[in-house]
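Enquirer:
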Amino acid sequence: MMSSSSSGPGAIRTREGTVELNADRGADERITLVIENSGDRPVQIGSHLHLPDANPALVFDRDRAVGFRLDVPAGTSQRFEPGASREVAAVALRGRRRVPGIQIDSEYADALAAQEGSLDG
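Just so you know, we're using full-length UniProt numbering here: the sequence shown kicks off at 1 and counts up by one.
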């Protein structure tokens, strides 16, 4: 039997109150999208996935989502059941607004490259 404790190995101590995620982000770094799962299986989007790289069964404005991720706590995800649709908040990735190593469609790679050029200037 396990018990919880506020001290000892594995203890988690938190400060009272709430934490606002991405509180330092301005309106230009936030968007809202409607995402629909048109597939026949559930799909999850992780907290740091570059949204245009999400499963192709998810239908949403991928062009608008270039450089953005879900605005959810790190390590969490949102699950979309088959046929489900809902509005989600997204926040801009920092830096060059990309996640290296993820395979993306060439159309979105071109859009990302164009955006990188504007961030370097």
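Quick reminder that beta carbons are idealized off the backbone N, C-alpha and C, glycines included.
Drop a sphere of 10 angstroms on the beta-carbon of residue 52, count the other beta-carbons inside from all chains shown, and report buried for 16 or more, exposed for fewer.
Expert: Taking the first residue of the sequence shown as 1, we reach residue 52 at position 52. When all chains shown are included, residue 52 counts as buried.
Enquirer: Cβ of residue 90 within 7 Å of any heavy atom in the ligand HEM?
Expert: The ligand HEM is absent from the structure shown, which contains no ligand whatsoever.
Enquirer: On the three-state DSSP scale, how would you describe residue 23?
Expert: For the purposes of this step, residue 23 is identified with residue 23 of the sequence shown, where counting begins at 1. Coil.
Enquirer: Please determine if the stretch 29-48 and the stretch 78-90 are in contact, where contact requires at least 3 C-beta pairs separated by less than 8 Å.
Expert: These segments touch.
Enquirer: Does residue 114 come out as helix, strand or coil in the three-state DSSP assignment?
Expert: For the purposes of this step, residue 114 is identified with residue 114 of the sequence shown, where counting begins at 1. Reduced to three states, the DSSP call for residue 114 is helix.
Enquirer: Use the C-beta contact count for residue 62: other C-beta atoms within 10 angstroms, 16 or more gives buried, fewer gives exposed.
Expert: Counted from its first residue, the sequence shown places residue 62 at position 62. Burial call: buried.
Enquirer: Does DSSP put residue 29 in a helix, in a strand, or in coil?
Expert: As a first step, residue 29 must be located in the sequence shown, where it is residue number 29. Residue state, collapsed to three classes: helix.
Enquirer: Roughly how many angstroms separate the alpha carbons of residue 54 and residue 31, rounded to a whole number?
Expert: Counting from one through the sequence shown, the residue named residue 54 turns up at place 54. Counting from one through the sequence shown, the residue named residue 31 turns up at place 31. Taking the straight line joining both Cα atoms gives about 16 Å.
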